[in-house]
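Student: Numbering (the working numbering), first residue to last: 1 to 293. By construction, the Cβ of each residue, glycine as well, lies at the ideal position given by its N, Cα and C atoms. Since the structure is predicted, the reported quantities are computational estimates derived from the model, not experimental observations. Supplied in structure tokens, the structure appears directly below.
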Ligand code: NDP
């Protein structure tokens with residue numbers, strides 16, 4: 001066990017297992033808005049549940065909350081307690097511009113900041129196989145690396161502050177495009193009498209394959225299990241961030257703009273943001289009158 005102390009805020013679907021990995025290697029302080037979850041984490045992983053201001057005692061602070069505004073609110077609340085030289089690693093899938101503002105605020109207190117969203121889902125986090133895309137200064141990235149190695153299989157410094165969030169937003173827009181497009185294709189095939197398992201077997205050995213066809217459809221849709229690990233609302237949020245990235249770049253992006261609109265419609269039609277993002281396949285099924293099973 002290293003003698004370095006880390007603090008983790010946000011023990012949700014992603015934060016829970018990641019803080020668990022950290023607790024095996026470092027003294028880990030945890031705080032969660034619903035505090036009972038922090039206490040449960042301490043019981044399960046040997047972390048220490050502490051009041052929010054105590055998190056400031058850590059040399060490295062991690063956040064993994066829904067949106068960048070939550071991170072900024074936490075930074076504001078912790079500001080009077082933070083120490084010179086603390087490193088703040090934000091695992092939220094957030095907004096590049098908001099991250100820069102939060103970083104500026106923290107810098108006034110001598111706190112370093114990296115935007116470091118994760119990919120690989122809950123299963124990747126549980127198995128310490130996450131991918132992390134990091135924005136920020138090289139020296140801060142090198143300082144973060146030994147901590148990230150605790151639970152990441154792939155660690156990429158993608159650029160300056162905000163670049164991590166931008167890359168993550170584009171990544172998730174690609175996930176959304178694949179999810180929607182494969183749902184459209186599969187309902188058409190099933191309606192024509194094609195067995196979905198055989199269709200996926202062929203596609204997954206062909207050029208149209210993706211994480212959606214290789215993993216999500218076989219394990220969640222065809223099995224009808226739809227486990228709730230990544231909320232539709234969180235993916236829709238990422239599509240809004242991707243649109244901001246496109247606006248800032250001023251580049252053409254008709255498909256990525258459209259997919260945001262599709263997911264807004266899906267959220268309205270399904271009537272919930274809390275369902276798993278793969279519920280989009282069920283919406284296409286409902287519109288088509290078939291089930292991909
Ligand atoms: P969850 O909804 O499972 O957890 C959110 C966590 O943030 C909870 O601990 C929640 O506390 C806390 N929280 C919510 N609002 C606030 C607030 N205003 N202030 C302080 N804490 C707050 O989300 P996920 O773990 O799924 O996602 C977290 C981030 O990671 C998101 O940005 C998401 O887009 C991203 N992500 C998610 C992936 C996934 O597969 N789930 C994959 C990759 C990235 P409480 O317990 O009180 O509700």
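Just mark residue 17 as buried or exposed, buried being the case when its beta carbon has 16 or more other beta carbons within 10 Å.
Tutor: By 1-based counting over the chain shown, the position of residue 17 is 17. Buried, by the Cβ-count rule.
Student: On the premise that residue 34 lies in contact with residue 8, defined as a C-beta separation below 8 Å, what is that separation, rounded to the nearest angstrom?
Tutor: As a working note, residue 8 is residue 8 in the chain shown. As a working note, residue 34 is residue 34 in the chain shown. With 8 Å as the limit, residue 8 and residue 34 do not qualify as a contact, their Cβ atoms being about 14 Å apart.
Student: Given a threshold of 16 other Cβ atoms within 10 Å of its Cβ, counted over all protein chains shown, does residue 86 qualify as buried or as exposed?
Tutor: Counting from 1 along the chain shown, the entry for residue 86 is found at position 86. So residue 86 counts as buried.
Student: CB of residue 275 to nearest heavy atom of the ligand GTP: below 7 Å?
Tutor: Ligands present in the displayed structure are limited to the ligand NDP, and the ligand GTP is not among them.
Student: To the nearest whole angstrom, what separates the beta carbons of residue 161 and residue 135, a pair I think is in contact under 8 Å?
Tutor: As a position in the chain shown, residue 161 is number 161, starting the count at 1. As a position in the chain shown, residue 135 is number 135, starting the count at 1. Sure, about 5 Å apart at Cβ, within 8 Å.
Student: Just to check, is the beta-carbon of residue 66 closer than 7 Å to a non-hydrogen atom of the ligand NDP?
Tutor: Here residue 66 is taken as the residue at index 66 of the chain shown, counted from 1. Yes, the Cβ of residue 66 comes within 7 Å of a heavy atom of the ligand NDP.
Student: In whole angstroms, give me the CA-to-CA distance for residue 379 and residue 254.
Tutor: Given that the chain is displayed from residue 1 to residue 293, the structure contains no residue 379 and the question cannot be resolved.
Student: Do residue 152 and residue 122 have their beta-carbon atoms positioned less than 8 Å apart in this structure?
Tutor: Counting from one through the chain shown, the residue named residue 122 turns up at place 122. Counting from one through the chain shown, the residue named residue 152 turns up at place 152. Their beta carbons are not under 8 Å apart, which means residue 122 does not touch residue 152 by this criterion.
Student: Let me make sure I understand the geometry here. Which of 56, 263 and 210 has the alpha-carbon closest to that of residue 238?
Tutor: Within the chain shown, numbered from 1, the residue matching residue 238 stands at position 238. Ranking 56, 263 and 210 by Cα distance to residue 238 puts 263 first.
Student: Whose CA, out of 51, 95, 60 and 75, lies closest to the CA of residue 246?
Tutor: Position 246 of the chain shown holds residue 246. The shortest Cα separation from residue 246 among 51, 95, 60 and 75 belongs to 95.
Student: Skipping 5 residues on each side, what residues in its chain have a beta carbon closer than 7 Å to that of residue 170?
Tutor: As a first step, residue 170 is located in the chain shown; it is residue number 170 there, counting from the start. Excluding sequence neighbours, residue 170 sits near 242 and 245.
Student: Using alpha carbons as the reference points, say which of 32, 68, 25 and 36 lies closest to residue 240.
Tutor: Mapped onto the chain shown, residue 240 falls at position 240. Taking only the C-alpha atoms, the option nearest residue 240 is 68.
Student: Quick one: using the 10 Å Cβ neighbour count with 16 as the cut-off for buried, is residue 112 buried or exposed?
Tutor: Locating residue 112 in the chain shown gives position 112, counting from the first residue. So residue 112 counts as buried.
Student: Evaluate residue 119 with the Cβ neighbour count: other Cβ atoms within 10 Å of its Cβ, from every protein chain shown; 16 or more gives buried, anything less gives exposed.
Tutor: Start at 1 with the first residue of the chain shown, and residue 119 comes out as number 119. The C-beta of residue 119 has 16 or more other C-beta atoms within 10 Å across all chains shown, which makes the residue buried.
Student: Write down every uninterrupted run of the beta strand (DSSP E) in the stretch 78–104 whose length is 3 residues or greater and which is fully enclosed by it, in chain order.
Tutor: List check, beta strand (DSSP E) in window: 87–90.
Student: Helix, strand or coil for residue 262? Go by DSSP, reduced to three states.
Tutor: The residue given as residue 262 occupies position 262 in the chain shown. In this structure, residue 262 counts as helix in the three-state DSSP scheme.
Student: Do residue 78 and residue 55 come within 8 Å of each other at the CB atom, strictly closer than that value?
Tutor: One-based indexing of the chain shown puts residue 55 at position 55. One-based indexing of the chain shown puts residue 78 at position 78. Contact flag set, yes.
Student: Verify the contact flag: residue 90, CB atom, against every heavy atom of the ligand NDP, threshold strictly below 7 Å.
Tutor: The residue you call residue 90 lines up with position 90 of the chain shown. No, since every heavy atom of the ligand NDP falls outside the 7 Å radius drawn around the Cβ of residue 90.
Student: Quick one: which unbroken beta strand (DSSP E) runs of 3-plus residues sit fully inside the stretch 157–215? Chain order, please.
Tutor: With a minimum length of 3 residues, no continuous beta strand (DSSP E) run stays inside the stretch 157–215.
Student: Drop a sphere of 10 angstroms on the beta-carbon of residue 287, count the other beta-carbons inside from all chains shown, and report buried for 16 or more, exposed for fewer.
Tutor: Translated into the one-based positions of the chain shown, residue 287 becomes position 287. That one is exposed.
Student: Taking the alpha-carbon positions, what's the residue 71 to residue 188 distance?
Tutor: As a first step, residue 71 is located in the chain shown; it is residue number 71 there, counting from the start. As a first step, residue 188 is located in the chain shown; it is residue number 188 there, counting from the start. Cα to Cα, residue 71 sits roughly 42 Å from residue 188.
Student: From the DSSP output, read off the bridge partner residues of residue 151.
Tutor: Counted from its first residue, the chain shown places residue 151 at position 151. Paired residues: none, contrary to the question.
Student: For residue 273 and residue 231, which I take to be in contact (beta-carbon distance under 8 Å), what is that distance rounded to the nearest angstrom?
Tutor: Locating residue 273 in the chain shown gives position 273, counting from the first residue. Locating residue 231 in the chain shown gives position 231, counting from the first residue. At roughly 6 Å, the Cβ-Cβ gap stays under 8 Å, so residue 273 and residue 231 are in contact.
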